[in-house]
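For what it's worth, the numbering used here labels the leading residue of the sequence shown as 149, then goes sequentially. The beta-carbon is built from N, C-alpha and C at its ideal position, and this holds for glycine as well. Below is one structure; the comments refer to it alone.
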Amino acid sequence: MGRFCEIQTRNELADYLQVPRSKLTYILYAVGTQKCYRTFQIPKRSGGERKICAPNADLKDIQRRLASALSEFQRIMRMEKGIHPSVSHAFEKGKGIITNAAVHRSKRLVLNLDLEDFFDSFHFGRVKGYFEKNRDFHLPPEVALTIAQIACYEGRLPQGAPSSPVISNLICQILDMRLLKIARRNRLDYTRYADDLTFSTNDHSFLERYDTFLREVSDEIRKAGFSVNEKKTRLQFRDSRQEVTGLIVNKKLHVSRNFYRETRAMAHRLYTQGELEIHGEPATMAQLEGRFSFIDQLEHYNNQNDSDKHTCNTLCGRERQYQAFLFYRYLFANERPLIITEGKTDPRYLKAALKRFYSEYPRLVSRDAAGNFLFRIAFLRRSDRWKYFFGVSMDGADAMKALYRYFVPALNSPNYLKTLRQLCGSEPRNSVIFLYDNETVSDRPLKQFLRYVKLDEGCKHALQRDLSIPLVAGSKLHLLTTPLIGGKAECEIEDLFTQETLDTELDGKHFSREESYDENAFYGKDIFSRYVYSNYSTIDFSNFRPLLDALNKIV
């Protein structure tokens, strides 16, 4: 199949979306898409409630495939026509409310318009007609009808369906082009975020043309099949608070003071009372983290030119609040014991060994009725966020040294363990475990860490004897290391496998532990760890038992 616009039948559409023809026919005609939704209400920021229509898994999968195909076709058409990026910032890859608001930063005047009943405006006939008549598509009636059947619920594009955003953006393209033309003629910038339309300018004379401009824009909106919500039309001046899609745009981009104060107060209540609410309703830590993350996105946007000067010791006040919350959620109130490893392959080894011995370590792993493994431990997922806030790189043993500083008094690092103990009036919920390869002879990561934390000889002896020791008195921070086997003075975690496993040949290649190797003759740790994880039931994990016993004892 070639382009989307070349599809001629419903069966060809199914093939293009890589959906079995029989499945598409069954959902559309045997079941009926109207029976594939559940509906619920969520509160609007401005008051009232918004109806969400969520499709079931089968229909949702088809809608996602349709959305992806339409997005790709739209991208190709823009490239071929040499069209500049769309003025739409909602539901567009790489765009959002930040890019939308940034266009209108530091302007003399900002005008906000709101389209009334936006998604309800895209009725079944309008969706079908668009794909039939639009010059980029000109699809046969059968195909246009099928697209409308897939995308619509109760005769409208539903909020909650993956296909609704891209289809609404496609239909709005002509309106956007016409409004952009009007805006440029009046020396204004224009963007649209779903049903929020924003115009801005530094032109002193715009107020003289304001009424004429507003009538012209409103007429164009009505011609496009929409109506303006007059109650939400706002003309904002520079000497007042200018807001675009919830962000303050007078100078730098910011959330409102109330939003930040609420977020900070929510975190404080969580730390001191163990309760979490948003506007009087029970909330989750994921929701609070979302608020902190959103505030932080703005900090990054505003300071992107200073990124080369950043270290985790130069965070501003708002970033410190987010850093403290991250420490609380993942290192103090963590729901499961958290293991931090030297490399990204170590978690696969441990999980594979636990799957093999799951009946012996019920504190660490179990199985549900369907036979799925449920791990009662977690591993730190390194990310750019952990690197930015704590100096944790994407790989390597520096993570433990970087995080250790926040458990003890250290230069330029807050002692979050002490602070949260005082605020919460309690100890950490679960263990945090630093797992190192047992290398204390050569100047390897474990030896460097022991020197960094100034561990005395008695503790070093206990570590070799028991494979684990507590790192900070009275806390649940532990150091764990691999056992020494075969009389070796040092052992990496790979040394716990038998020689037979280490000699496994895959696609004519042999395993290499080195960072650099000849890829024509060898494969590395990533492929080896995936092999181990997939073949756990046939691999000898006997040498892992002392490590698992020590981990079990900590937990």
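Residue from L418, V580 and A299 with nearest C-alpha to I617: V580
Relative to the alpha-carbon of D546, which residue among L650, G150 and K595 has its alpha-carbon at the smallest distance? K595
Test item: CB-CB of V314 and L218 under 8 Å: yes
Taking L578 as the reference, which of E640, R169 and E483 has the closest Cα? As written in the sequence, residue 578 is Asn, which differs from the Leu given in the question. Closest option to N578, Cα to Cα, is E483.
Contact criterion: CB-CB distance below 8 Å. Does C460 meet it with respect to chain B? This model lacks chain B altogether; it includes just one protein chain.
Through-space distance from L695 to T630, alpha-carbon basis: 6 Å
Buried or exposed for V589, going by 16 or more other Cβ atoms inside 10 Å? exposed
Residue nearest to R477 in terms of C-alpha spacing, selected from D344, D337 and C572: C572
Ranges of the beta strand (DSSP E) found wholly within the region 619 to 674, counting only runs of at least 3: Complete beta strand (DSSP E) runs here, min 3: 625 to 629.
Using three-state DSSP, classify N683 as helix, strand or coil. coil
Considering only C-alpha positions, which residue in the set L401, L207, H402 and L436 is nearest to R417? L436 is the residue among L401, L207, H402 and L436 whose C-alpha sits nearest the C-alpha of R417.
How many angstroms separate the CA atom of F285 from the CA atom of F152? 8 Å
In its own chain, which residues sit with a C-beta less than 6 Å from the C-beta of Y419, not counting the 5 before and 5 after it? L571 and C572
Inspect the beta-carbon positions of H658 and F645 and report whether they are closer than 8 Å. no
Are the CB atoms of L263 and N377 within a distance shorter than 8 Å? Taking C-beta atoms as the reference points, N377 and L263 count as a pair closer than 8 Å.
Cutting at 7 Å between CB atoms, please list the residues of its own chain near S623, excluding the five before and the five after it. F555, L565 and P576
Ends of the beta strand (DSSP E) at E197? E197 to P203
What residue from L446, P495 and S441 has the CA that sits closest to Q471's CA? S441
Using C-beta distances below 8 Å, list every residue in its chain close to C320, excluding the 5 sequence neighbours before and after it, in chain order. S236, R340 and A372
What are the boundary residues of the alpha helix (DSSP H) that includes F597? P593 to Y600
According to DSSP, what are the bridge partners of T459? Answer is none; T459 lacks a bridge partner.
Can you tell which of I426, F354 and S375 has the C-alpha that lies nearest to the C-alpha of R383? In the sequence as displayed, the identity of residue 383 is Leu instead of Arg. The shortest C-alpha separation from L383 is found at F354.
Under three-state DSSP, which class holds Y564? helix
Touching by the beta-carbon criterion (3+ pairs, under 8 Å), the region 663 to 677 and the region 505 to 514: By the Cβ criterion, the region 663 to 677 is not in contact with the region 505 to 514, since fewer than three pairs of Cβ atoms, one from each stretch, lie closer than 8 Å.
A296: buried (16+ other C-beta within 10 angstroms of its C-beta) or exposed? buried
Can you give the beta carbon distance from V392 to T346, rounded, assuming they're within the 8 Å contact cut? 5 Å
Following the continuous alpha helix (DSSP H) through P694, name the residue where it begins and the one where it ends. R693 to I702
Compute the Euclidean distance between the alpha carbons of L522 and G277, then round it to the nearest angstrom. A straight line joining the alpha-carbon of L522 with that of G277 spans about 50 Å.
The beta strand (DSSP E) with S690 in it runs from where to where? Where S690 is concerned, there is no enclosing beta strand (DSSP E), given that its DSSP letter is neither H nor E.
Thinking C-beta only, is H252 closer than 8 Å to D163? 8 Å or more divides the Cβ of D163 from the Cβ of H252.
By the 10 Å Cβ neighbour count, where 16 or more other Cβ atoms means buried, how is Q211 classified, buried or exposed? buried
Given that a residue counts as buried once 16 or more other Cβ atoms are within 10 Å of its Cβ, and exposed if not, what is A178? exposed
Have a look at K400, L498 and T411 and flag the residue whose alpha-carbon is nearest the alpha-carbon of Q452. Measuring from the Cα of Q452, the nearest candidate turns out to be K400.
Sort K499, F505, D604 and E508 by Cα distance to F527 and report the nearest one. The residue with the shortest Cα to Cα distance from F527 is K499.
If you run the structure through DSSP and keep just helix, strand and coil, what is S234? S234 falls in the coil class under three-state DSSP.
Apart from the five residues on each side of it in sequence, which residues of its chain come closer than 8 Å, Cβ to Cβ, to I488? Here the set comprises F527, L528, A547, M548, L551, V580, I581, F582 and L583.
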